[in-house]
Amino acid sequence: MQQKGHQMKPGDLFERATINIRNLRLRTYIGFNDEERTKKQDVVLNLEISYRTNPAVFNDEVEGALNYKTITKAVIRQVEEGRFLLLEKLAADVLASCSNHPEVTHARVTIDKPHALRFAESVSLTLEYHSKTNRPLNLLEKAS
645 MQQKGHQMKP GDLFERATIN IRNLRLRTYI GFNDEERTKK QDVVLNLEIS
695 YRTNPAVFND EVEGALNYKT ITKAVIRQVE EGRFLLLEKL AADVLASCSN
745 HPEVTHARVT IDKPHALRFA ESVSLTLEYH SKTNRPLNLL EKAS
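So our numbering is basically just the index in the sequence shown, starting at one, shifted up by 644.
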């Protein structure tokens, strides 16, 4: 209940919201074998993006919300137009796109590569970003 003379702020009830984008199925060049380098393969992405709650929680205004459609479009473009030797690089690039917003406090990306192993449904890799423990990710930054 709101106290008289006290306007509720998002942090009064909760401090973090999480958006989950599940089973985003895309095609890209992934792998280092000859066939993998010339033929697109399916990948399945699961994205978890947490951010500080903002006024959109109470005022229902689009301008104040984290736009998951914009993030998803950037990820789709990045994955489908890219070429990757390793799941690690693909996951790192997707994670950078997901965490490239000042409001984002945590992001987790899991990418499945179906049929990568003969007797397994898929092989997956998960990477995480935490704003308190990681420096901002930059796509142009090269690992040294």
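No residue lacks a Cβ here, since even glycine has one placed at the ideal position from N, Cα and C.
What you are looking at is a predicted structure, and each value in this text was computed from that prediction instead of being measured.
Beta carbon of residue i nearer than 9 angstroms to that of residue j
i           : j           : result
residue 753 : residue 690 : yes
residue 663 : residue 734 : no
residue 771 : residue 732 : yes
residue 688 : residue 758 : yes
Residue i - DSSP class collapsed to helix/strand/coil
i           : result
residue 765 : coil
residue 709 : coil
residue 744 : coil
residue 704 : coil
residue 659 : coil
residue 754 : strand
Spatial distance of residue i from residue j (CA atoms)
i           : j           : result
residue 783 : residue 751 : Here residue 783 scores only 43 on pLDDT, less than 50, and its place in the model should not be relied on; the value that follows carries that caveat. C-alpha separation (whole angstroms): 15 angstroms.
residue 686 : residue 774 : 28 angstroms
residue 684 : residue 716 : 20 angstroms
residue 769 : residue 736 : 10 angstroms
residue 713 : residue 704 : 17 angstroms
residue 681 : residue 702 : 48 angstroms
residue 765 : residue 730 : 18 angstroms
Contacting residues, own chain, Cβ-Cβ under 6 angstroms from residue i (five flanking each side not counted)
i           : result
residue 694 : 660, 662, 749, 750
Does the structure place the segment 692-699 close enough to the segment 667-679 that three or more beta carbon pairs sit under 8 angstroms?
no
Cβ pair count under 8 angstroms reaching 3, the segment 736-746 against the segment 706-725:
yes
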